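Enquirer: Sending over a structure as structure tokens; questions will come in a sec.
Protein chains: 2
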Amino acid sequence: MPFEQLKLENQLCHRLYMASNSITRAYREPLAKINLTYPQYIVMMALWEQDQITIAKLIEKTAIDGGALTQILKKMTEKKLLSVVKDKQDQRKRLIQLSTSGQALKLNAADIPKQIHCKFESIDSEKALQLLASLDLVIKDLNEPTQ
Amino acid sequence: MPFEQLKLENQLCHRLYMASNSITRAYREPLAKINLTYPQYIVMMALWEQDQITIAKLIEKTAIDGGALTQILKKMTEKKLLSVVKDKQDQRKRLIQLSTSGQALKLNAADIPKQIHCKFESIDSEKALQLLASLDLVIKDLNEPTQ
DNA sequence: GTATTTTAATTTGCACGCAAAGTATTTGCA
DNA sequence: TGCAAATACTTTGCGTGCAAATTAAAATAC
Chain P
3 MPFEQLKLEN QLCHRLYMAS NSITRAYREP LAKINLTYPQ YIVMMALWEQ DQITIAKLIE
63 KTAIDGGALT QILKKMTEKK LLSVVKDKQD QRKRLIQLST SGQALKLNAA DIPKQIHCKF
123 ESIDSEKALQ LLASLDLVIK DLNEPTQ
Chain A
3 MPFEQLKLEN QLCHRLYMAS NSITRAYREP LAKINLTYPQ YIVMMALWEQ DQITIAKLIE
63 KTAIDGGALT QILKKMTEKK LLSVVKDKQD QRKRLIQLST SGQALKLNAA DIPKQIHCKF
123 ESIDSEKALQ LLASLDLVIK DLNEPTQ
């Protein structure tokens, strides 16, 4: 029965699509309160961990597309969250610097994970860890250079 | 340590974001061969299962946003994959009808799941089922009306 | 020491995803 | 019957995600 696989219900891809969209939607409202979109929030989390990094490094950490990232950083610069400056050592590279308000925003963002977590009634930490591990496998398999 | 949760590495949301993007990217090339985008493929799968359904029903099955779906169906109509006609019984509703070529495309799409599956070296069927179940919980929790 | 290649980032064009506003129909109800 | 509310879609505006083309600077080759 070669067509069974085309059933939407059985498709990992479709379930991931729905789950990812659901998560982004769930974050939308809390993030709107601190005037961030979801990818912008990802960028902020990366920079709160480590500031003064190049765009290439930021792409590596966030997995956001380079082309998109240029636009996202432009918007975030307009919001005075950060600035993008040329690396003196290598003029091709750009260094990203959080502004004071960009750093300060971390305080306001501190309870966002909690707001989301409280929605998860069916998922305890162990299940979450298991899910993380499974997703890592998916990501790894799909990004292997072999194929 | 209230800020630990802001670490990107520990974020289920970010891992889902990456996994979902990886999957969509993986499908891009195979789907391009049959001239479909990923959401269009989801629509086709839904219609291959059941034709002659309303847009509301299609939204329910695919979880694609209604506004986006209107545009997607317009593009698919231009490609002669389907047509959207008014429901005689209720003129507000629209019925979607696969064209002959839309139905025939199922044959060409039959081996796409296999092309993707062969990329999964770390994920056997049991793991996939477990992952599906976990994602269902995520989706369910996030879409509960009780926040 | 200049030409070629590589690396880093930007730009462009297209297709969504989503909220909010708008447009028809139909239903419910006084 | 007539009119407000509900339903089913469509439109609009913004922010990505992505491939492909472009620009600029550094590394390498010759």
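If you read the sequences in order, they're chains P and A. All the letters of the first sequence, read from the start, carry residue numbers 3 to 149 under this note's numbering. All the letters of the second sequence, read from the start, carry residue numbers 3 to 149 under this note's numbering. Every residue, glycine too, gets a C-beta built ideally from N, C-alpha and C. Owing to the predicted nature of the structure, the values given are computational and were not obtained by experimental measurement.
For residue 25/P, go through chain A and note every residue whose CB falls closer than 8 Å to its CB, in chain order.
Expert: Under the 8 Å cutoff, chain A gives 14, 15, 18, 19, 140, 144.
Enquirer: Step through the CB atoms of chain P and report whether any lies within less than 8 Å of the CB of residue 32/A.
Expert: No, because no Cβ of chain P sits closer than 8 Å to the Cβ of residue 32/A.
Enquirer: Strictly under 8 Å for the Cβ-Cβ distance: is residue 51/P near chain A by that measure?
Expert: Yes, residue 51/P counts as interfacial toward chain A.
Enquirer: Taking C-alpha atoms, which residue in 15/P, 43/P, 12/P lies nearest to residue 26/P?
Expert: For the residues 15/P, 43/P, 12/P, the minimum Cα distance to residue 26/P belongs to 43/P.
Enquirer: Short of 8 Å in beta carbon distance, which residues of its chain neighbour residue 89/A, apart from the five on each side in sequence? Order them along the chain.
Expert: The answer, listed in chain order, is 56, 95, 96, 97.
Enquirer: Taking only the alpha-carbon atoms, compute the straight-line gap between residue 138/A and residue 21/P and give it to the nearest angstrom.
Expert: One C-alpha to the other measures close to 8 Å.
Enquirer: Against residue 78/P, what residues of chain A qualify as contacts under a CB-to-CB distance less than 8 Å, listed in chain order?
Expert: Correct list: empty, because the minimum Cβ distance to chain A is about 16 Å.
Enquirer: List in chain order: all unbroken beta strand (DSSP E) runs of 3+ residues lying wholly within the stretch 20-57 of chain A.
Expert: Qualifying beta strand (DSSP E) stretches: none in this window.
Enquirer: Given that a residue counts as buried once 16 or more other Cβ atoms are within 10 Å of its Cβ, and exposed if not, what is residue 28/P?
Expert: By the neighbour-count rule (16 or more Cβ atoms within 10 Å), residue 28/P is buried.
Enquirer: Kindly list the residues whose CB is nearer than 8 Å to the CB of residue 121/P, restricted to its own chain and excluding five residues on each side of it in sequence; keep chain order.
Expert: Same-chain partners within the cutoff: 28.
Enquirer: Based on the DSSP secondary-structure assignment, which residues constitute the bridge partners of residue 88/A?
Expert: In the DSSP output, where bridge partners are listed per residue, residue 88/A has 96/A.
Enquirer: Looking at C-alpha atoms only, which residue of 54/P, 9/P, 58/P, 40/P is the closest neighbour of residue 115/P?
Expert: Looking at the Cα atoms, 40/P is the closest of the given residues.
Enquirer: Taking only the alpha-carbon atoms, compute the straight-line gap between residue 63/A and residue 136/A and give it to the nearest angstrom.
Expert: Going by the C-alpha atoms only, they are around 19 Å apart.
Enquirer: Using three-state DSSP, classify residue 143/P as helix, strand or coil.
Expert: Residue 143/P: helix per DSSP, three-state reduction.
Enquirer: Under a CB-based cut-off of 8 Å, is residue 149/P close to chain A?
Expert: Residue confidence for residue 149/P is low, a pLDDT of 38 falling below 50, so the modelled location carries little weight; the figure read from the coordinates is stated next. Judged by the 8 Å Cβ criterion, residue 149/P is in contact with chain A.
Enquirer: Closer than 8 Å by beta-carbon distance: list the chain A residues that pair up with residue 123/P, in chain order.
Expert: Residues of chain A passing the Cβ test: 143, 146.
Enquirer: In terms of alpha-carbon separation, which member of 8/P, 49/P, 117/P lies closest to residue 106/P?
Expert: Ranking 8/P, 49/P, 117/P by Cα distance to residue 106/P puts 49/P first.
Enquirer: Mind listing the chain P neighbours of residue 44/A? Cutoff is C-beta to C-beta under 9 Å, in chain order.
Expert: Correct list: 10, 13, 15, 16, 19.
Enquirer: So residue 65/P packs on residue 8/A, CB below 8 Å; how close in whole Å?
Expert: Residue 65/P to residue 8/A, Cβ: 17 Å. No contact.
Enquirer: Look at the Cβ atom of residue 24/P, then the Cβ atom of residue 23/A, and state whether they are nearer than 8 Å.
Expert: It is not a contact, given that the beta carbons lie outside the stated cut-off.
Enquirer: Relative to chain P, which residues along the stretch 84-102 of chain A have a C-beta separation below 7 Å, given in chain order?
Expert: Hits within the stretch: zero.
Enquirer: Measure the alpha-carbon distance for residue 84/P versus residue 58/P and round it to whole angstroms.
Expert: Whole-angstrom Cα-Cα distance: 16 Å.
Enquirer: Determine the DSSP secondary structure at residue 3/A, reduced to helix, strand or coil.
Expert: Caution is warranted here: a pLDDT of 43 is assigned to residue 3/A, below 50, making its placement in the model unreliable, and the coordinate value is therefore given only provisionally. In this structure, residue 3/A counts as coil in the three-state DSSP scheme.
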